[in-house]
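Participant:
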Ligand code: ADP
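Residue numbers (UniProt numbering): 1 to 801.
1) Are at least three pairs of beta-carbons, each pair with one atom in the stretch 421-428 and one in the stretch 480-492, less than 8 Å apart?
2) Should the stretch 133-147 be regarded as contacting the stretch 78-93, the criterion being three or more beta carbon pairs within less than 8 Å?
3) For residue 365, I'd like the list of residues in its chain whose CB is within less than 7 Å of its CB, leaving aside the five on either flank, ordered along the chain.
4) Looking at the structure shown, is residue 109 part of a helix, part of a strand, or coil, going by DSSP?
5) Does DSSP put residue 755 in a helix, in a strand, or in coil?
6) Determine the direct distance from the alpha carbon of residue 244 to that of residue 105, and round the result to whole angstroms.
7) Check whether the Cβ atoms of residue 169 and residue 121 lie closer than 8 Å to each other.
8) Flag this pair as touching only if the stretch 264-276 and the stretch 311-324 have three or more C-beta atom pairs under 8 Å; answer yes or no.
9) Apply the 10 Å Cβ neighbour rule to residue 549 and answer buried if 16 or more other Cβ atoms are within range, or exposed otherwise.
10) Assuming residue 701 and residue 730 make a contact with CB atoms under 8 Å, what is their CB distance in whole Å?
11) In chain order, what residues of the same chain have a beta carbon less than 6 Å from the beta carbon of residue 527, not counting five sequence neighbours either side?
12) With a threshold of 6 Å on Cβ separation, who are the neighbours of residue 584 within its own chain once the five nearest residues in sequence on each side are excluded?
13) Nearest by alpha-carbon distance to residue 172: which of 135, 219 and 413 is it?
14) Using the Cβ count rule (16 or more neighbours within 10 Å means buried), how would you classify residue 180?
15) Can you give me the start and stop residues for the beta strand (DSSP E) that residue 124 sits inside?
16) Kindly indicate which three-state DSSP category residue 396 falls into: helix, strand or coil?
17) Which word fits residue 39, buried or exposed, when buried means at least 16 other C-beta atoms lie within 10 angstroms of its C-beta?
18) Under the criterion of a Cβ to heavy atom distance below 7 Å, does residue 107 qualify as lining the ligand ADP?
19) Who are residue 162's beta bridge partners in DSSP?
20) So, does the stretch 334-341 touch the stretch 301-313, judging by three or more C-beta pairs under 8 Å?
21) Determine the extent of the beta strand (DSSP E) in which residue 676 is found, giving its start and end residues.
22) Rounded to the nearest angstrom, what separates residue 20 and residue 155 at their Cα positions?
23) What residues are listed by DSSP as bridge partners for residue 197?
24) Say the cut is 7 Å; is the CB of residue 126 nearer than that to a heavy atom of the ligand ADP?
25) Going by the C-beta, is residue 180 closer than 7 Å to any heavy atom of the ligand ADP?
26) Less than 8 Å separating the beta-carbons of residue 561 and residue 691?
27) I need the DSSP call for residue 2, collapsed to helix, strand or coil.
28) Do you know how far the Cα of residue 134 is from the Cα of residue 355?
29) Using CA atoms only, rank isn't needed, just tell me which of 523, 682 and 383 is closest to residue 419.
30) Would you please state the rounded distance, in angstroms, between the beta carbons of residue 551 and residue 344? I believe it to be under 8 Å.
31) How close, in whole Å, do the beta carbons of residue 73 and residue 41 come, if the pair is a contact with beta carbons under 8 Å?
32) Taking only three categories from DSSP, how would you classify residue 353?
33) What span of residues does the beta strand (DSSP E) with residue 648 cover, start to end?
34) Which class does residue 487 belong to by DSSP, given the choice of helix, strand or coil?
35) Please report the straight-line C-alpha distance between residue 718 and residue 598, rounded to a whole angstrom.
36) Taking the beta carbon of residue 802 as the centre, do at least 16 other beta carbons fall within 10 Å, making it buried, or is it exposed?
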């Protein structure tokens, strides 16, 4: 944080009156409560602004700095934000500003901006900060007029600044803004909470204790809901959906049932703003007393407090803040004077813009609905995903819902199988599927150790490792990495005959396959074999789970977020290790098979100097250009930057230029000016416990898959086989979650699968590759003429860092 003290208005007036500067000037500020990822947003705004030919400014201490001016509004250079992605909090400071709430404060702020020639402001904060920003914009012409009337500025000075351009970024750990699925900071905060609850989980189990955990969220239960899903909490309190009257009996009965089933720990999550239907507060201590007094349970309260704000941003927040920061600058350059101020949002996997005040108003309306005790409406007004998660939590936590149970003839025997390498989220997805099946009356059946497990023989008799899953055993899988039912790369095509016999023997009515490209291949083989085996004419759904994220039909697979988090932790740590020697480049080898997704996204999240992916390959010109880039980069920072630099290389990017070869070449060519090391995290990337994002998405997707399978109940085999969607992949595509059929003329197998390279034909993330380059200052290969036969240094252009 800046320690600079606020300077007075007179200092600001002393600054030379500008004629409109040649370059557009964009300022960024962080305001309201700080959130992990704000630094990533500032870095992206600064670098993207400079890249786009603008000048960047940072306003320190939020709106306080805008009102005070002086040293609190600083010009930012490319190097000023180096290393910011991995830093927690906000390095330009945040504050709550009473002065900015007054028109007089905003008048002063307008003057400071005009004096510095700034007419575009990117604000990263919560709904309060964004409301303030919008008000500032709407008052802007009036403020300038007043400044002229009072003689503080001349007509000539204000003339070039008729409009103020505002763009909002939502930075808040609560994820309380309507219109966006996630705010910058919310997943980092969720990670902090889950880490804490995972630890409590162990001790609660050991002592058979109950724990009441209070998490942040005065008006918004997102953190509470997501942490309850991620940790398999027994009961949850959120402000939007207070429990019905008599909840004390309901909660005690659910917990007693869970205990009777053999559960050794009890976890209740309470959002700090929890209340009953009459708006009386439900405190964590009251819940604890209830459990202790009524159930005689040894219960403790843990209030997580400010640990939820701190620490570095998780992979998702680094990626989100970077992409949104870039989008904010694009919006500044696109927005017309008469269009409403935009806020940058994300829907599923798509960064979008929406009118800022629309998002703010919707957010305020939710709070108003809660105060009016109109809870159903409050829930409906949160994004649809929130309600879906809430229902999914209920359906998988308390499995005795007589109303949810299907009539017997619609109940199915649903087989669950894991195929391929383990990936974070496989176990939580299986747990969710089991919970849902039990709620609906289906039989969840585990196939152990993949297709080879199903086809296992003993004394020439097929015995198949197939077993019904019990609620209690799956309940513990909520935060477990790997695959508890066992996963295997073997494919059904290896022995279709035995596979079909096993399907018949166990009377499977549906198949849920969790895994990566092999899982996809397995589904394709079964679908094609339907012509010969009726046993495969059942609904088959693939839930992509692979760290490579290379399954056609989705932009996201379970496990990829866990992998990214592990990889950025690894990179942060080794980069830090270079702080004593300073001039060191690490060439880090990432997994990902023939897909460069993990390398590219990790590159974006850690600010890699370069990323090598199989889609582009590696050639000698690229290496020469990058060594030159490193040389010039080290020369320009004169050792001021203490951390090392990182190059990421996907394991299959080149057969010749291996990780070690690249590291050696860099060392050789650096001629002693810096050194280089190779580092291979290997299977470490598959991660330990799944990340909270993988856990919550596992739940949501697994339930959608079960509902999809269930929609075929009662249909004949031929009807099922005719329906293209009866063999499909669930996926995130742009702003939607949907099923894509595998077969048929429009099916994925035909339209979007590169079978040889084991990846989709169209990889949505490829465009991010250029962004990694833009933000590191290295010109993208294409732009840099890497394909031309030229060795002239000029043609390998890179921005002077
Ligand atoms: P958050 O942005 O996290 O919701 P606050 O509501 O505390 O946090 O707002 C942060 C700052 O934004 C306030 O201290 C104030 O300077 C400014 N602000 C908030 N609401 C308004 C408003 N209605 N008018 C002007 N400024 C506001």
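For each residue, glycine too, the CB sits at the ideal point set by N, CA and C.
In this text the structure is predicted, and so the values were computed from the model without any measurement.
Facilitator: According to the structure shown:
1) yes
2) Counting C-beta pairs with one atom in each stretch, the stretch 133-147 and the stretch 78-93 have fewer than three that are closer than 8 Å, which means they do not touch.
3) 381
4) helix
5) coil
6) 46 Å
7) no
8) no
9) With 16 or more other Cβ atoms from the protein chains shown falling within 10 Å of its own Cβ, residue 549 counts as buried.
10) 5 Å
11) Cβ neighbours of residue 527 beyond the five flanking positions: 727, 742 and 743.
12) Around residue 584: 578, 644 and 675.
13) 219
14) buried
15) 120-125
16) In the displayed model, residue 396 falls within a helix according to three-state DSSP.
17) buried
18) no
19) Beta-bridge pairing links residue 162 to no other residue.
20) In short, these stretches do not touch, since the Cβ pair count stays below three.
21) 675-679
22) 13 Å
23) By DSSP's assignment, residue 197 forms no beta bridge with any residue.
24) yes
25) no
26) yes
27) Unreliable placement is indicated for residue 2, whose pLDDT of 40 sits below 50; the coordinate value is still reported in the next sentence. DSSP places residue 2 in coil when its eight states are reduced to three.
28) 10 Å
29) 523
30) Not a contact, Cβ separation roughly 28 Å.
31) No, residue 73 and residue 41 are not in contact; Cβ-Cβ is about 18 Å, not under 8 Å.
32) strand
33) 645-650
34) strand
35) 40 Å
36) Residue 802 is absent from the model: the chain starts at 1 and stops at 801.
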